[in-house]
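Undergrad:
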Amino acid sequence: MTFRQFAFNNVIRNKRLYAAYFLSSLFTVMVFFTFSIFANHPALSGNEMNANVTKGMNISAGIIYVFSFFFILYSMSSFLQSRKREFGLLMIQGMSMKQIRMMVFLENMVIGFFATLGGIFIGVVFAKGILLIAENVLIIESALPFYFPTQAIILTFASFIVLFFLISLFVTYVLRSKKLIELIKGNKISKGEPKSSLFLTLAAVILLVIGYTTALLAKGPVVVVVMLPVIVVVMVGTYLLFTQLSVYIIRRLRKKESIFWFKTNMLLFSDLAFRMKDNARTFFMVAMVSTVAFSAIGTLFGFQSFLTSGIKHVNATTFSYQSNEKESVKKDVEFINQTLKEEKIVADTEHMDMNYYDHANDTILITKSSDFNRFASLINEKQVKVPDGQVIVVEYEGPNMGQIRKPLDETIKLESGFTLKPGKDGVISSRALPASDTYYIVSDRDFEKLPNPVEVQSFYAWQVTDGEAGIMTASEKLYQHLERYKIFSVEYEIYEIMKFYGPILFVGLFIGIVFFVSAGSFLYFRLYMDLDEDKQKFSSISKMGLTEKELKKVLNRQTAILFFAPILVALVHGAVALTALSNLFSFNLFKESITVLGVFLMIQIIYFFIVRHFYTKQIKTVL
């Protein structure tokens, strides 16, 4: 058997340990290859929108490639740590350290080669399905037909072979200074009793409280100002949380006899402090990477909701037309009605003149109650009654799209000098008129007594009751024929936003998924690094008389704590980050936050049960 065959067979013999490494690397290659397919697609080389898609894909591929380097490097380092004893035994058999480094180099290149080929192969097999999904998510008008991605294959293969080569060279030097006795003892070398500093423990709590409080209390533009300091403070606090605070809490629990001596808690806490201390860096990395994934995807979904809800809030009707050019209004409205008729769209319609007046050093809309009620009825909103001599203030409650919101003085002076004051209804909110600022409603009689307006705009609205299928086709015709600032279609405007925003959302989802899968892989690697040690420990414990049910309970609880500790911290970080985003835009993202964090938590729970099943199965082989 040649040395190369020995290295190849060594990979096969360690397939359990290398499985997650191989699959994670394969997944990373596949995602990079997917972006390359999009970036080099012939249909994305045309207009400006498609050029932006291509640019976004290339940037994302670069981010994934850089992250892949550190991810694979960390994974390979974990393998080396878990195989110290194996390397020591090989040295006893006469293998030199140079040969061990060569073996590690060849093993990593074998895995990298097949992971790269596997990722490209799977990417090609599922390319058509991915392209179909992209057509809908990216909202690209032209189709994305399947093509054989020769350029993407060459780019991906060359990039990842170079990446695995560089990592293989780098990791071979990790073992260069290891002594034989250190390798033989491996993880048996005593690390001493884990200790925590009271000062650093308090610092962890204080830093996290300061970071969370600052993030939650900041409003508007202040959120951007405090963002970087809060990130730094929370990162330091998180590191101290895993290295100091967790050890401190476990040591305190061990001193409480009612807890420590309760059933199998002694076994649970016996080495939990050691585990938390040893895994602190891994937990910190998982928490930070998961937080990035939660925050990125949550931010993208939140911003999408912010944009679309603002349009829907201001424009409650299906179509609307607004113009102060009297000579063209009649012709434009006739064209709109004819277009709706051609597309077999049935709609209720209303018309009014929107009058704007100088008031309190500003220009505001003042409308009479009859006009307001007709449009309120059009969208099934409650109508209002405004007695003579009184006024109702309509406040805008939609997303803050940059407009200045300032309270009105709630009084209007008529030409006669009489002042209108708020009635019993006072201030209300309504979507009846397309206003993103506060405006007034007065009685019809008082409206006639107002001075001449400074601006008058004809406003028409159509609420579709039948023929919804033709809305998009009708909208395209209207936008082509009429000036864009006059006509407004809610569905078409949202379509245009998503057409631009789709690529950003698509890219963000992929990057978030890669980060999240990587975080799960980190936990898997760390868990399996201690497998041999756990086998010996539970084998010894089983001889003390504990039942299989009790041993399984201890194993499940210990695994769950180690698996979910960093994820729960990341969920809290993500919730605070998304709350801060809500404060930045003055827009409630509670629904989006719960959805994103809930989906990720469910995925992590499923992943935990899968990993726990195979991990428990391995432990049971020695019982």
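Those letters in the sequence shown? Residues 1 to 623, by the UniProt record's numbering.
The beta-carbon is built from N, C-alpha and C at its ideal position, and this holds for glycine as well.
1) Taking its Cβ as the centre, do 16 or more other Cβ atoms sit within 10 Å of H613, making it buried, or is it exposed?
2) Going by DSSP in three states, G302 sits in which element: helix, strand or coil?
3) Using DSSP bridges, identify the partner residues of L365.
4) May I ask you to list the residues that DSSP assigns as paired with E350?
5) Express the C-alpha separation of V223 and F609 in angstroms, rounding to a whole number.
6) Going by DSSP, what residues sit across from Q322 in a beta bridge?
7) What would DSSP say about D388, mapped onto helix, strand or coil?
8) Take I130 and list the residues in its own chain whose beta-carbon comes closer than 7 Å to its own, dropping the five residues that flank it on each side.
9) Can you tell which of L531, F516 and L551 has its C-alpha closest to the C-alpha of S24?
10) Put I441 into one of helix, strand or coil per three-state DSSP.
11) If you draw a straight line from the C-alpha of S197 to the C-alpha of I494, how long is it?
12) Per DSSP, what kind of secondary structure is V611 in: helix, strand or coil?
13) Look at the alpha carbon of Q618 and the alpha carbon of T547, and state the distance between them as a whole number of angstroms.
14) How is the alpha helix (DSSP H) around I345 delimited, first residue to last?
15) Pull up the distance between the alpha-carbon of V286 and that of Y524, whole angstroms please.
16) Sort out for me which residues DSSP pairs F488 with in a bridge.
17) On the DSSP bridge assignment, give the partners of E395 in chain order.
18) Less than 7 Å between C-beta atoms, sequence neighbours within five positions excluded: which residues of the same chain meet that for Y356?
19) Looking at the secondary structure, which residues open and close the alpha helix (DSSP H) in which K552 lies?
20) Here's the rule: buried if 16 or more other CB atoms are within 10 angstroms of the residue's CB, otherwise exposed. What is F148?
21) Excluding the five sequence neighbours on either side, which residues of its own chain have a C-beta within less than 8 Å of the C-beta of D444, listed in chain order?
22) Would you mind giving the Cβ-Cβ distance between I441 and V386, rounded to the nearest angstrom? I have them listed as a contact below 8 Å.
23) Got a sec? Which residues, its chain only, sit under 7 Å from A474 by beta carbon, not counting five neighbours each side?
24) When you compare the segment 480 to 490 with the segment 313 to 327, are there three or more beta-carbon pairs, one atom per stretch, that lie closer than 8 Å?
25) With DSSP as the reference, please indicate the residues paired to P422 in a beta bridge.
26) Near L378, which residues of its chain fall below 7 Å by C-beta distance, leaving aside the five closest residues on each side in sequence?
27) My guess is that S593 and G298 are in contact by the Cβ rule of under 8 Å, so how many angstroms apart are they, rounded?
28) List the DSSP bridge partners of D466.
29) Where does the unbroken alpha helix (DSSP H) through M235 begin, and where does it stop?
30) Tell me the rounded alpha-carbon separation between N380 and F294.
31) Along the alpha helix (DSSP H) that carries K255, what are the first and last residues, could you check?
32) Using three-state DSSP, classify Q618 as helix, strand or coil.
33) Buried or exposed, going by whether 16 or more other CB atoms sit within 10 Å of the CB of N361?
34) Which same chain residues, not among the five before or five after N588, have their C-beta less than 7 Å away from its C-beta?
35) Could you tell me how far apart the beta carbons of M30 and G112 are, in whole angstroms, since I believe they sit closer than 8 Å?
36) Helix or strand or just coil, what does DSSP make of A280?
TA: Well, looking at it:
1) exposed
2) helix
3) According to DSSP, L365 bridges with Y356.
4) For E350, the pairing in a beta bridge is given by DSSP as A461.
5) 38 Å
6) F459
7) coil
8) Non-local C-beta neighbours of I130 in its own chain, meaning closer than 7 Å and more than five positions away in sequence, comprise T34, ordered along the chain.
9) F516
10) strand
11) 55 Å
12) helix
13) 17 Å
14) Counting along the chain, I345 falls outside any alpha helix (DSSP H), and DSSP gives it neither H nor E.
15) As the crow flies, the alpha-carbon of V286 is around 11 Å from that of Y524.
16) S320
17) E395 is bridged to S429.
18) T363, I364, L365, P453, V454 and E455
19) K552: member of the alpha helix (DSSP H) spanning E548 to F585, first to last residue.
20) That one is exposed.
21) K368, S369 and S370
22) 6 Å
23) T339, L340, E343 and I345
24) yes
25) V391
26) T317, D348, E350, A461 and Q463
27) That belief holds up - the Cβ atoms of S593 and G298 are roughly 6 Å apart, short of 8 Å.
28) V346
29) V222 to L240
30) 38 Å
31) S246 to K255
32) helix
33) exposed
34) S582
35) In fact, because the Cβ distance is near 14 Å, the residues do not count as touching under 8 Å.
36) In the three-state scheme derived from DSSP, where H, G and I count as helix and E and B as strand, A280 is classed as helix.
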